[in-house]
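Visitor: Attaching a single structure in structure tokens format; questions to follow.
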Amino acid sequence: MMEDLSLHILDIVENAVAADATRITVTINENERRNLLTVRISDNGRGMSKKDARRALDPFFTTKGKRTGLGLPLLAQAAEHCGGGAVLTTVPNQGTKVAARFRYRHIDRPPLTAMVATITALVFGHPEIDFRYGHRVNGLVFRFASREFLGDPRSTPCLCPSIFRAAKKNLQTGLKKIGRT
Amino acid sequence: MTVKKRTPEVKQKKLTIQDLAKIRDKAKATMTIRDGEGRGRVTVHMGTCGIAAGAREIMNALLDQLSKSKVKDVIVTTSGCAGFCRREPMATVEIKGHPPVKYVDLTPAKIRQIVKKHVLGGHLVVEYALAIGSETTY
Ligand SMILES: Nc1ncnc2c1ncn2[C@@H]1O[C@H](COP(=O)(O)OP(=O)(O)OP(=O)(O)O)[C@@H](O)[C@H]1O
Ligand SMILES: [Mg+2]
Numbered sequence: 004m005m006e007d008l009s010l011h012i013l014d015i016v017e018n019a020v021a022a023d024a025t026r027i028t029v030t031i032n033e034n035e036r037r038n039l040l041t042v043r044i045s046d047n048g049r050g051m052s053k054k055d056a057r058r059a060l061d062p063f064f065t066t067k068g069k070r071t072g073l074g075l076p077l078l079a080q081a082a083e084h085c086g087g088g089a090v091l092t093t094v095p096n097q098g099t100k101v102a103a104r105f106r107y108r109h110i111d112r113p114p115l116t117a118m119v120a121t122i123t124a125l126v127f128g129h130p131e132i133d134f135r136y137g138h139r140v141n142g143l144v145f146r147f148a149s150r151e152f153l154g155d156p157r158s159t160p161c162l163c164p165s166i167f168r169a170a171k172k173n174l175q176t177g178l179k180k181i182g183r184t
Numbered sequence: 002m003t004v005k006k007r008t009p010e011v012k013q014k015k016l017t018i019q020d021l022a023k024i025r026d027k028a029k030a031t032m033t034i035r036d037g038e039g040r041g042r043v044t045v046h047m048g049t050c051g052i053a054a055g056a057r058e059i060m061n062a063l064l065d066q067l068s069k070s071k072v073k074d075v076i077v078t079t080s081g082c083a084g085f086c087r088r089e090p091m092a093t094v095e096i097k098g099h100p101p102v103k104y105v106d107l108t109p110a111k112i113r114q115i116v117k118k119h120v121l122g123g124h125l126v127v128e129y130a131l132a133i134g135s136e137t138t139y
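So the sequences go chain by chain: R and P. Counting with my numbering, you get residues 4 to 184 for the letters of the first sequence. Counting with my numbering, you get residues 2 to 139 for the letters of the second sequence.
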């Protein structure tokens, strides 16, 4: 259903947006020597009760008034299938962390593919949110912060073409330098 | 974040604070709009079903087309699944003073058309629409 990790990441971050987070951090760590890829998404949103957190990986659990809630279970399933797993840590009214680990060279590990597209969609789809993104590929690190491009978080910045282009360019060149897209 | 001090940062010609301030100042006059101000709002449905069906590319095409058209008074945002998973990707266009319109089975080309015809031109693109006010089905 979800063929690349950058789509899972978008999906998990959209959960954080729906939980009214104002600050969201995405960290990717690719370590070939340790045969490990980890993705962490943390937010300062409303968090979940213990009871809800226990059910969050169940595809039939959602609080969004429909029948299924697939985002978390799909990520967990993909990670488990690749010799890793997903861990959810959440505190009501404080926030949520989702961490997923994959064996780097597992034959079925989904590729990351398109982080530029995921981050631009998030940052400009939610200009009021403070996004931070850190991506490490072996020794190299790229960092991005939406606040460097967008202004006052208390009002909704409109879509300014030059800022949109500048942020996209920054992501493209930064990721290219660490060998990603 | 497990970033250790000795990690070499990727050297790249970073935009300086001044560069950014310049870009920002240029945009300041129209920098911010709040809900209710401006021309309206476009919501891309970004539940898991929407994302799996291609909502990310719809969002990026929408942003690109709006920014190319220099439209600055439209709010772009996302929502969860609307319960029509089979018709994803979907977006809802709300132009001030008009009922919301849901567009279904979107492609990047369709959302660009919707920006040009509906958001800019004020004409509903009937072929791509699901419903007006979410009861009437085409
Ligand atoms: N970051 C988060 N903060 C607070 N609650 C969360 C968070 N992520 C998930 N949840 C809760 O867990 C439920 C399940 O999430 P999941 O992504 O699996 O499904 P969903 O978002 O409800 O629907 P879908 O992803 O299929 O569109 C959500 O409905 C929400 O109540
Ligand atoms: Mg979800």
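Here a beta-carbon is modelled for each residue, glycine too, at the ideal position from N, C-alpha and C. No experiment lies behind these values; they were computed from the predicted model shown.
#1: Could you please give the first and the last residue of the uninterrupted alpha helix (DSSP H) stretch that includes R57/R?
#2: Please list, in chain order, all residues with a C-beta atom less than 5 angstroms from at least one heavy atom of ligand 2.
#3: Please decide whether M32/P counts as near chain R, where near means a Cβ-Cβ distance under 8 angstroms.
#4: Look at the alpha carbon of A79/R and the alpha carbon of A59/R, and state the distance between them as a whole number of angstroms.
#5: So, under 8 angstroms CB-CB, V101/R and A89/R are touching, yes? Tell me the CB distance rounded to an integer number of Å.
#6: Between V120/P and chain R, is there a C-beta pair that is closer than 8 angstroms?
#7: Under 7 angstroms from any heavy atom of ligand 1, does the C-beta of T49/P make it?
#8: Hey, could you find the ends of the alpha helix (DSSP H) V16/R is sitting in?
#9: Output the boundary residues of the beta strand (DSSP E) element that contains H46/P.
#10: Closer than 7 angstroms by C-beta to H109/R: which residues in its own chain qualify, once you throw out the five before and the five after it? Chain order, please.
#11: Are at least three pairs of beta-carbons, each pair with one atom in the stretch 173-181 of chain R and one in the stretch 71-84 of chain P, less than 8 angstroms apart?
#12: Is the distance from the Cβ of D14/R to the Cβ of G72/R below 8 angstroms?
#13: Which residue or residues does DSSP assign as beta-bridge partners of S45/R?
#14: Could you work out which residue in I132/R, L143/R, P95/R is closest to T78/P when comparing CA atoms only?
#15: Roughly how many angstroms separate the alpha carbons of E128/P and I181/R, rounded to a whole number?
#16: Please report the distance separating the alpha-carbon of V116/P from that of N32/R.
#17: Interface residues of chain P around L10/R at Cβ under 8 angstroms?
#18: With DSSP run on the structure shown, which of helix, strand or coil describes H84/R?
#19: Are V94/P and V43/P closer than 8 angstroms when you measure CB to CB?
#20: Tell me the rounded alpha-carbon separation between F152/R and T92/R.
#21: Tell me the DSSP bridge mates of R90/R?
Guide: A quick look at the data gives this:
#1: Note, R57/R: alpha helix (DSSP H), 53-58.
#2: The set, ordered by position in the chain, is N18/R, G74/R.
#3: Model confidence at M32/P stands at a pLDDT of 44, short of 50, so the residue's coordinates are unreliable; what they give is reported in the following sentence. Using a CB distance cut-off of 8 angstroms, M32/P counts as an interface residue toward chain R.
#4: For A79/R and A59/R, the distance between alpha carbons rounds to 10 angstroms.
#5: About 7 angstroms separates the two Cβ atoms, so the contact holds.
#6: Taking 8 angstroms as the CB threshold, V120/P stays off the interface with chain R.
#7: For ligand 1, at least one heavy atom lies less than 7 angstroms from the Cβ of T49/P.
#8: For V16/R, the uninterrupted alpha helix (DSSP H) segment begins and ends at 8-21.
#9: Segment 41-46, the beta strand (DSSP E) holding H46/P.
#10: Excluding residues within five positions, the ones whose Cβ falls inside 7 angstroms are C85, G86.
#11: Put simply, the stretch 173-181 of chain R does not touch the stretch 71-84 of chain P. Fewer than three CB pairs are less than 8 angstroms apart.
#12: No, the pair does not count as a contact, with Cβ atoms beyond the cut-off.
#13: In the DSSP assignment, the residues bridged to S45/R are T28/R, K100/R.
#14: Among I132/R, L143/R, P95/R, the Cα nearest to that of T78/P is on I132/R.
#15: Distance between the alpha carbons of E128/P and I181/R is about 43 angstroms.
#16: Here the C-alpha atom of V116/P lies approximately 37 angstroms from the C-alpha atom of N32/R.
#17: Counting only Cβ-Cβ distances below 8 angstroms, L10/R has contacts in chain P at I52, A53, R57, in chain order.
#18: Looking at H84/R - three-state DSSP - the assignment turns out to be helix.
#19: Yes. Within cutoff.
#20: In this structure, the CA atom of F152/R is about 30 angstroms from the CA atom of T92/R.
#21: Here residue 90/R turns out to be Val, not Arg, going by the sequence shown. In the DSSP output, where bridge partners are listed per residue, V90/R has A102/R.
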